[in-house]
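Okay, so here's the structure we're looking at.
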Amino acid sequence: MLRLVLGGERLAGFPSTQPAASIRLVVPWAGDKFAIPTWTGNEFLLSDGRRPALRTFTLVDFDASMNQLILDIVRHRGGEIAQWAEAVRMGDAAAVSGPGRGETIDRNAQHYILLGDETAIPAIRQMIEAIPDAIRVTVHIETVSPEARLELPVHPGLSIIWHDAEAAAPPCSQLQAAITTVAIDDATR
Numbered sequence: 009m010l011r012l013v014l015g016g017e018r019l020a021g022f023p024s025t026q027p028a029a030s031i032r033l034v035v036p037w038a039g040d041k042f043a044i045p046t047w048t049g050n051e052f053l054l055s056d057g058r059r060p061a062l063r064t065f066t067l068v069d070f071d072a073s074m075n076q077l078i079l080d081i082v083r084h085r086g087g088e089i090a091q092w093a094e095a096v097r098m099g100d101a102a103a104v105s106g107p108g109r110g111e112t113i114d115r116n117a118q119h120y121i122l123l124g125d126e127t128a129i130p131a132i133r134q135m136i137e138a139i140p141d142a143i144r145v146t147v148h149i150e151t152v153s154p155e156a157r158l159e160l161p162v163h164p165g166l167s168i169i170w171h172d173a174e175a176a177a178p179p180c181s182q183l184q185a186a187i188t189t190v191a192i193d194d195a196t197r
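Add 8 to a position in the sequence shown, counting from 1, and you land on the number used in the numbering used here.
Next up, the structure:
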């Protein structure tokens with residue numbers, strides 16, 4: 009993962025968020041100058057009608073004292089945002105939309121089951137931290153390599169199952185197989 013810190017005066021007063029809340033990060037396409045897109049009510053568009061380079065990320069943290077948003081981005085080849093994040097320098101422009109709604113923790117639940125690939129690790133971390141200690145938490149994470157396994161928060165009821173993605177299999181096929189083995193009842197979220 010690549011830690012990205014975005015800052016600026018326009019982030020002053022950024023609203024606090026629920027666990028696993030998201031933001032949209034807008035960056036310039038390779039070779040383009042940055043331009044703030046227009047929201048059409050359905051999508052963001054640049055002045056020439058193209059969609060901007062945009063991805064949704066879980067907000068890792070917001071430091072109100074520094075007006076800084078913190079994101080973790082999975083490093084991978086071919087992704088426009090990942091390539092931008094690898095090359096970005098202090099002072100380069102980007103835009104943020106959000107935050108989007110996060111998750112409300114059901115404190116009456118007896119068990120949470122969280123599934124995701126490595127891009128979901130920031131959201132899974134926040135959910136684990138927010139779930140009360142008395143609630144069991146089962147986590148299934150599929151990664152492309154063992155090196156992508158990251159430390160998760162400590163929780164007394166936590167059970168973590170890591171799944172190694174198979175190169176020839178469709179993405180998240182290990183998670184699809186795992187969910188069929190999980191017992192889900194009315195007290196499970």
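No residue lacks a Cβ here, since even glycine has one placed at the ideal position from N, Cα and C.
Beta-carbon separation of residue i and residue j under 7 Å?
i: L10; j: R83; result: yes
i: A177; j: V152; result: no
i: R18; j: G106; result: no
i: I78; j: V13; result: yes
i: A148; j: A186; result: It is worth fixing the name first, because residue 148 is His in this sequence and not Ala. It is a contact, given that the beta carbons lie within the stated cut-off.
i: P140; j: R115; result: yes
i: Q182; j: H171; result: yes
i: T127; j: L67; result: no
i: A117; j: R63; result: no
i: V145; j: L123; result: no
i: H163; j: I136; result: yes
Hey, could you find the ends of the beta strand (DSSP E) residue i is sitting in?
i: E150; result: R144 to T151
i: R109; result: R109 -> no beta strand (DSSP E), and no H or E assigned at all.
I think residue i touches residue j, with their Cβ atoms under 8 Å apart; what is that distance to the nearest whole Å?
i: I113; j: P27; result: 7 Å
i: I169; j: L160; result: The Cβ separation is near 12 Å, so there is no contact.
i: F42; j: A101; result: 4 Å
i: I44; j: I121; result: That pair is no contact at about 39 Å.
i: Q91; j: G15; result: Going by Cβ atoms, the distance from Q91 to G15 rounds to 21 Å, so no, they are not a contact pair.
Under three-state DSSP, which class holds residue i?
i: A61; result: strand
i: W37; result: coil
i: I78; result: strand
i: G103; result: According to the sequence provided, residue 103 is Ala. The question's Gly does not apply to it. DSSP places A103 in strand when its eight states are reduced to three.
i: T127; result: helix
i: I136; result: helix
i: R32; result: strand
i: L14; result: strand
i: L19; result: helix
i: P161; result: coil
i: E155; result: helix
Any idea which residues DSSP pairs residue i with across the strands?
i: T196; result: H119
i: F52; result: W47
i: V190; result: DSSP output for V190 lists no bridge partner at all.
i: I168; result: V147
i: D69; result: I78
Considering just the uninterrupted stretch of the alpha helix (DSSP H) at residue i, what are its terminal residues?
i: R183; result: Reading off the sequence shown, one finds Leu at residue 183, where the question assumed Arg. Per DSSP, L183 belongs to the alpha helix (DSSP H) from S181 to I187.
i: R83; result: Taken as a continuous stretch (DSSP letters only), R83 belongs to no alpha helix (DSSP H), as it is neither H nor E.
i: A93; result: E88 to A95
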